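Here my numbering = 1-based position in the sequence shown + 63.
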Amino acid sequence: MENDVTNITLLDEEGNEIDFEVITKLDIEKNEYVIVAPKNGDDNSEAVVLKIDKDEEGNDILYTIEDDEEFNMVSEAYEALFPEGELN
Numbered sequence: 064m065e066n067d068v069t070n071i072t073l074l075d076e077e078g079n080e081i082d083f084e085v086i087t088k089l090d091i092e093k094n095e096y097v098i099v100a101p102k103n104g105d106d107n108s109e110a111v112v113l114k115i116d117k118d119e120e121g122n123d124i125l126y127t128i129e130d131d132e133e134f135n136m137v138s139e140a141y142e143a144l145f146p147e148g149e150l151n
């Protein structure tokens, strides 16, 4: 995923499009991750952590992280960069 991407649109379980703002992209242990938040969410909307992978054609595919250890590693890296959720 390019570093200058600021917005992405994802499909929910029902096929509805949801617009997300890209908070940051992280490179950790040769893997890429992106932290996104719903654009139309309220201040209490939680950020979502997604792993970036590639398909056979080289296109980006975003996955939710199922492994607790991997999720915690990415969360800790994010919190180190943005203490207490500070984005600026």
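For glycine and all other residues, C-beta sits at the position ideal for the given N, C-alpha and C. These figures come from a predicted structure and were not determined experimentally.
Spatial neighbours of residue i within its chain, please: C-beta separation below 7 Å, excluding the five flanking residues on both sides.
i      : result
VAL99  : ILE71, PHE83, GLU84, VAL85, ILE86, ALA110, VAL111, LEU113
ILE115 : MET64, GLU95, TYR96, VAL97, ASP123, LEU125
ASN79  : none
GLU120 : none
Within its chain, find whatever has a CB closer than 6 Å to the CB of residue i; leave out the 5 residues flanking it on each side and keep chain order.
i      : result
LEU89  : TYR96, ALA140
ASN135 : none
Who does residue i pair with in a DSSP beta bridge?
i      : result
GLU111 : Position check: residue 111 holds Val in this sequence, whereas Glu was assumed. For VAL111, which the question treats as bridged, DSSP gives the partners VAL99.
ASP61  : Past the boundaries of the shown model lies residue 61; the chain is included only from 64 to 151, so the question cannot be answered.
ASN70  : GLU84
Taking C-alpha atoms, which residue in the options lies nearest to residue i?
i      : options                      : result
THR127 : ASN103, GLU77, LEU73, GLY104 : LEU73
PRO101 : ILE81, LYS93, GLU133         : ILE81
VAL137 : ASP118, PHE145, ILE91        : ILE91
Between which residues of its own chain and residue i is the CB-CB distance below 8 Å, once the five residues before and five after are set aside?
i     : result
ASP75 : ILE81
Does chain C have any CB closer than 7 Å to the CB of residue i?
i     : result
LYS88 : The structure shown contains no chain C, having only a single protein chain.
Quiz item: Unbroken beta strand (DSSP E) runs of length 3 or more, entirely within the segment 75 to 107: which are they?
Solution: 80 to 91, 94 to 101
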